[in-house]
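The structure appears right after this line, and notes come after that.
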Amino acid sequence: CAADQSSCGCCLMQRQISRMERLFNKSVNLLKDELMSSKLILNNVRSRSAFSVALNNNSAVTSYGPFSSDSIIKYKHIFINLGDGYNAETGIFTVPRSGVYSLSVTIYGTARLILNNCATLQVNNQNVAELTEKNGQDLEDSNTAVVAVQLKAGDRVSVKLLQGCSINDDFNHYNTFTGFLLYASD
Ligand SMILES: *[C@@H]1O[C@H](CO)[C@@H](O)[C@H](O)[C@H]1NC(C)=O
Ligand SMILES: *[C@@H]1O[C@H](CO)[C@@H](O)[C@H](O)[C@H]1NC(C)=O
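Below, the structure is given as structure tokens:
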């Protein structure tokens with residue numbers, strides 16, 4: 001500055017500019033980091049999908065069925081319904097996000113005379129796994145199916161009680177239907 005008065009102002013300005021540039025870069029980088037972590041959190045929230053339900057929570061054992069045709073079991077007692085994929089009015093789990101899902105069903109029945117314990121796990125009305133025990137000699141039956149399947153967003157998962165079959169439950173939750181996303185694929 002002392003040597004060249006004319007370039008002094010310009011020199012100071014340049015120093016100021018480069019200081020501002022450093023500050024600006026730092027702010028931008030901070031924002032980038034924040035954005036990255038927000039995206040990660042959002043992604044985790046989006047991929048939350050888990051439901052687990054039981055037939056009812058009655059204090060006394062209640063019979064469900066038999067019906068004159070195959071009908072979707074409407075599980076009324078909800079343990080968890082993360083992502084709201086399960087609808088207790090229809091008994092249907094609508095897949096919110098494509099991926100590999102774990103699905104499991106346990107049915108239980110008790111009877112004095114004829115015990116027909118049968119249901120089927122379905123995706124879009126197609127059988128995935130059937131549970132059946134008919135004409136048993138005992139008075140109680142229980143069946144379980146556990147599968148891992150690739151599902152697409154919008155697929156409909158349900159359990160159908162087969163014609164003429166019945167199940168029984170109370171607050172002990174002998175009949176459960178559970179599904180959760182293992183790996184998202186979109
Ligand atoms: C600011 O970032 C740009 C682009 O990444 C870079 O070219 C420039 O040298 C950086 N400036 C400072 C002062 O760090
Ligand atoms: C389910 O039934 C049990 C036993 O009767 C009771 O303690 C509990 O509060 C009930 N849960 C719900 C969600 O109704």
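Under UniProt numbering, think of the first position of the sequence shown as 1, with each following residue one higher. Even for Gly, the Cβ is constructed at its ideal location relative to N, Cα and C.
Taking C-beta separations shorter than 6 Å and ignoring five residues to either side along the sequence, L35 has no partners in its chain. Check the Cα spacing between V45 and each of G154, R97 and A60: the tightest is with R97.
Ligand 2 approaches N57 closely enough that one of its heavy atoms is under 6 Å from the residue's Cβ. Put simply, the segment 138-154 does not touch the segment 67-74. Fewer than three CB pairs are less than 8 Å apart. Judged by DSSP secondary structure, T110 falls within the beta strand (DSSP E) whose first and last residues are G99 to T110. Beta-bridge annotation (DSSP): N135 is not paired with any residue. Between the C-alpha atoms of R48 and L161 there is a straight-line separation of about 28 Å.
Going by DSSP, H77 is part of the beta strand (DSSP E) stretching over H77 to L82.
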